Amino acid sequence: MTNEHDKKDSEQLPGSVTEFIGRLLRKMRYRRKVLEDVKAELTSHFTDELADCTEEAQKTERAKQLIADFGDPKLLGILMRRAKKRCRPLWQKAMVRSLQVLGICILYLLVCSIPLLVGKPTLSVDYVEWLNELVRAGREEAENARPYYEKACELNVEMPKWLADNMSSWPSDFNDAGSKLLTDWLDDSRGAVEKLREGARCAGYWANYHTDETRLDKDLVGNAMKILPGYRRLAFTMRWQIRRQADDGNVEAAMSDAIALSKFGSHLQAHGLLIEQLVGIAIEALAHGEIFSILERTAVHSHILNSTYQQLEEQFGRQEAVISLEAEKVFWYDAIQRGFTDDGQGNGRLLARGLPFVVTENLTDNLWNIVSFNFPDREEMVAEIERYYAEFDNVLSATPRRLHDKPADERQTNHRVKIAPVLLKHNTPAYTRVSALTWRVKTDRQTLLTVIAALRYEKAKGRYPADLNGLIEAGYLKTLPLDPYSNEPLVYRRTDDNFILYSFGPNLKDDGGISGKGISGKNKQWTDEGDTVFWPLPGH
Amino acid sequence: MKFESQLLKGIAPAVVLEILSGGQMYGYELSRAIEQRSGDILTLGKGTLYPLLYNLEAKKLVKGKWEKNQSARKRRYYSITGKGKAELAKQKVQLKEMTAGLNLLFGGALAPA
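Protein chains in written order, with the working numbering: chain R, -7 to 532; chain H, 3 to 115.
As structure tokens, this is what we get:
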């Protein structure tokens, strides 16, 4: 708003006036445009007031009076500032206030973030080494089956596509060309099969975990999973070996290899990472399926039945647990080590890096924690991790029937774990799915022993037992097989020349032994409807 | 005449609005007009005038804008708005009633000689 006239006026005003206006504007502290307007207005006022003064002394005296009349420049500046602020449009006032509130919030967050940013974690534990010691459990390397399995994978020849497309077939279904293809491929994979057999004879199995970088979550699972597809391929190679031997009449060798395959699967269970254990469950299930098939397709001699039963009973007896979650905790322990300080007494406070690990599914809690900076400390975090996995263990140990019969609120495991991080929950498979798989393999083991026991009974007595207690009384079975979907023994019924053995299945109902159906309409085990029939085999 | 600041404080907005109802004026002009039209009885302190004008502007009772006068000098002229006219009318009624009441209270001693 200044023009040439105004500049000239300002220059002609006494110094006291200029100084007064300057002090007033400094006290006013406002936008430059507004200050310029006020300056111009006051300058022109003083100019008008002093226009009549012809002499300097007169002008100076008059100026003094005017300045006194205006009053304290500080107070005047404050009053003018307030008044000018009121002139702002409503939207501008709202925006300014909003920005002020935002600024205060940002300042608050910044100040409260200082503890998150100050301090360093103490990486005192090498959790890769911790994990390796956990899985090895002090055993000698000679007891480890893993080198054999790794070698077997190296020696394993890729399955011909034609065989891969006929996975449900048996060698006796093939024509001459197919049989030759199978024979040649199995001959090429002989080394792999032999190594698998050697590995199965070992007492234990453990992996040697490693990471290429310092963060477990980046590489540990990836490195561990590299071998798993090879294991899967190896298992299918062994399956073809078993089938060929069975079809060739070499039932004893087929059973022996099936037991080795089952051992291979069980080696991967009850320790190590969850993904490895789940692969182990799948391999063992594959092996058991082959044993069931051999029992149904071929007339197995008593001595083979006896030998198979004893080997399986011994193998199953050595391993009660199927799934162990101890190794899974390694990720969280390492994350806690990197995300919290260490006060040397087992506790510490959260650092910025640990924030993703403390976000829970409860939005209200998360918002409150952020606003109040009330994050769990190291001890609380460790306790929550332990509680979460303890709850997971409870679910795994409860049968599906018991889980179903729990009151609805008790089924919600998460309620009991207050601050379990959302990442923890999203990075672990569904409780119930893992539990179901666990109980399937446990049931398979019992069922296999029961079926073999019944077949042995029949071989000895010429008929099947009237009920399962008959097997126990005759000494062919030690305990009744539990149906995890009824919490009662599996249902056994003798038929004319056979028997039926089944579980209620996931629908928890006794459908009278009517098998569930798969998508293709064929009988299938472990479907949502119908019973899971173990014997006779589905599809027969 | 110098009045008690609290006495003048209440009527200052009405005084300014009344002067501006006669036409737009800039600050100095307004200050002189108040003195002249009140027969030098009322004097609005300079420290009161401009904050008052800015407050009235904030309340949208007056509107200010820069204009050049004949001497090509820029001045900020203030003019009364419609809302200001309504407010002035309201305050006039109140002042009239207050004057009547005070007159009665002081037994007619407040009436002009």
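Here a beta-carbon is modelled for each residue, glycine too, at the ideal position from N, C-alpha and C. These figures come from a predicted structure and were not determined experimentally.
For this session: Starting from the C-beta of residue 68 of chain H, find all residues in its chain whose C-beta is less than 6 Å away, skip the five residues before and the five after it, and write them out in chain order.
Result: 76, 78
Problem set entry | Coarse secondary structure for residue 289 of chain R, derived from DSSP in three states | helix
Problem set entry | Contacts around residue 298 of chain R, its chain only, beta-carbon distance under 8 Å, and the 5 residues preceding and following it disregarded | These residues qualify, in order along the chain: 448.
Exercise. Can you tell me whether residue 333 of chain R is buried or exposed, with buried defined as 16 or more other CB within 10 angstroms of its CB?
Worked result: buried
Exercise. What number of angstroms, rounded off, separates the C-alpha of residue 484 of chain R from the C-alpha of residue 446 of chain R?
Worked result: 10 Å
Exercise. If you draw a straight line from the C-alpha of residue 316 of chain R to the C-alpha of residue 384 of chain R, how long is it?
Worked result: 10 Å
For this session: Could you name the residues of the region 57 to 79 of chain H whose beta carbon sits closer than 7 Å to any beta carbon of chain R, in the order they occur along the chain?
Result: For the region 57 to 79 of chain H, which is checked against every Cβ of chain R, the residues closer than 7 Å are 57, 59, 60, 68, 74, 75, 76, 77, 78.
For this session: For residue 40 of chain R, decide whether its Cβ has a neighbour in chain H, counting only Cβ atoms nearer than 7 Å.
Result: Residue-level contact check: residue 40 of chain R touches chain H, since one or more beta carbons of chain H fall below 7 Å from its beta carbon.
Exercise. Chain H beta carbons: is any one of them nearer than 7 Å to that of residue 97 of chain R?
Worked result: no
Exercise. Any Cβ of chain H within less than 7 Å of the Cβ of residue 75 of chain R?
Worked result: yes
Problem set entry | Terminal residues of the alpha helix (DSSP H) in which residue 374 of chain R lies | 370 to 389
For this session: Report yes or no: is there a C-beta of chain H within less than 7 Å of the C-beta of residue 12 of chain R?
Result: no
Problem set entry | Cα-Cα separation between residue 49 of chain R and residue 83 of chain R, rounded to whole angstroms | If I take the Cα positions, the gap works out to 49 Å.
Problem set entry | residue 199 of chain R beta carbon less than 7 Å from that of residue 144 of chain R | Result no, Cβ atoms of residue 144 of chain R and residue 199 of chain R do not sit closer than 7 Å.
For this session: Take residue 213 of chain R and list the residues in its own chain whose beta-carbon comes closer than 7 Å to its own, dropping the five residues that flank it on each side.
Result: 265, 267
For this session: Answer with buried or exposed for residue 407 of chain R, where buried requires no fewer than 16 other C-beta atoms within 10 angstroms of its C-beta.
Result: At residue 407 of chain R, the pLDDT of 46 sits below 50, so the modelled position is not reliable and the matter cannot be decided from this model.
Problem set entry | At least three beta-carbon pairs within less than 8 Å, the region 338 to 352 of chain R to the region 466 to 473 of chain R | Touching, no.
Problem set entry | Interface flag, residue 7 of chain R vs chain H, CB-CB below 7 Å | no
Exercise. Between the Cα of residue 392 of chain R and the Cα atoms of R/475, R/324, R/109, R/378, which residue gives the shortest distance?
Worked result: When each option's Cα is compared against that of residue 392 of chain R, the closest is R/475.
Problem set entry | C-beta neighbour in chain H for residue 364 of chain R, strict 7 Å | no
Problem set entry | Per-residue burial, residue 302 of chain R [other beta carbons within 10 Å of its own, 16 or more giving buried] | exposed
For this session: With DSSP as the reference, label residue 27 of chain H as helix, strand or coil.
Result: strand
Exercise. Quick check: the region 341 to 359 of chain R against the region 433 to 447 of chain R, are there 3 or more CB pairs under 8 Å?
Worked result: no
Exercise. Where residue 327 of chain R and residue 346 of chain R are concerned, what is the direct C-alpha to C-alpha distance, given to the nearest angstrom?
Worked result: 7 Å
Problem set entry | Beta carbon of residue 40 of chain R nearer than 7 Å to that of residue 52 of chain H | No, these two residues do not count as a Cβ contact at 7 Å.
Exercise. Where does residue 55 of chain R land, buried or exposed, given buried means 16+ other C-beta within 10 angstroms?
Worked result: buried
Problem set entry | Coil, strand or helix - residue 524 of chain R by DSSP | strand
Exercise. Name the chain R residues whose beta carbon is nearer than 7 Å to that of residue 29 of chain H?
Worked result: 33, 37
Exercise. Candidates R/77, R/255, R/289: which alpha carbon is nearest residue 305 of chain R's?
Worked result: R/255
For this session: Rank R/362, R/71, R/512, R/295 by C-alpha distance to the C-alpha of residue 98 of chain R and give the top, closest one.
Result: R/362
Exercise. Taking the DSSP output, what are the residues bridged to residue 495 of chain R?
Worked result: R/524
Exercise. Mind checking whether the beta-carbon of residue 391 of chain R lies closer than 6 Å to any heavy atom of the ligand ATP?
Worked result: Ligands in the displayed structure: none, and consequently the ligand ATP is not present.
Problem set entry | Through-space distance from residue 57 of chain H to residue 14 of chain H, alpha-carbon basis | 12 Å
Problem set entry | For residue 66 of chain H, the first and last residue of its enclosing beta strand (DSSP E) | 64 to 70
For this session: Run the CB neighbour count on residue 107 of chain H, radius 10 Å, all protein chains shown included, and call it buried at 16 or more, exposed below.
Result: exposed
For this session: Could you name the residues of the region 53 to 82 of chain R whose beta carbon sits closer than 7 Å to any beta carbon of chain H, in the order they occur along the chain?
Result: 58, 61, 62, 63, 68, 71, 72, 75, 76, 78, 79
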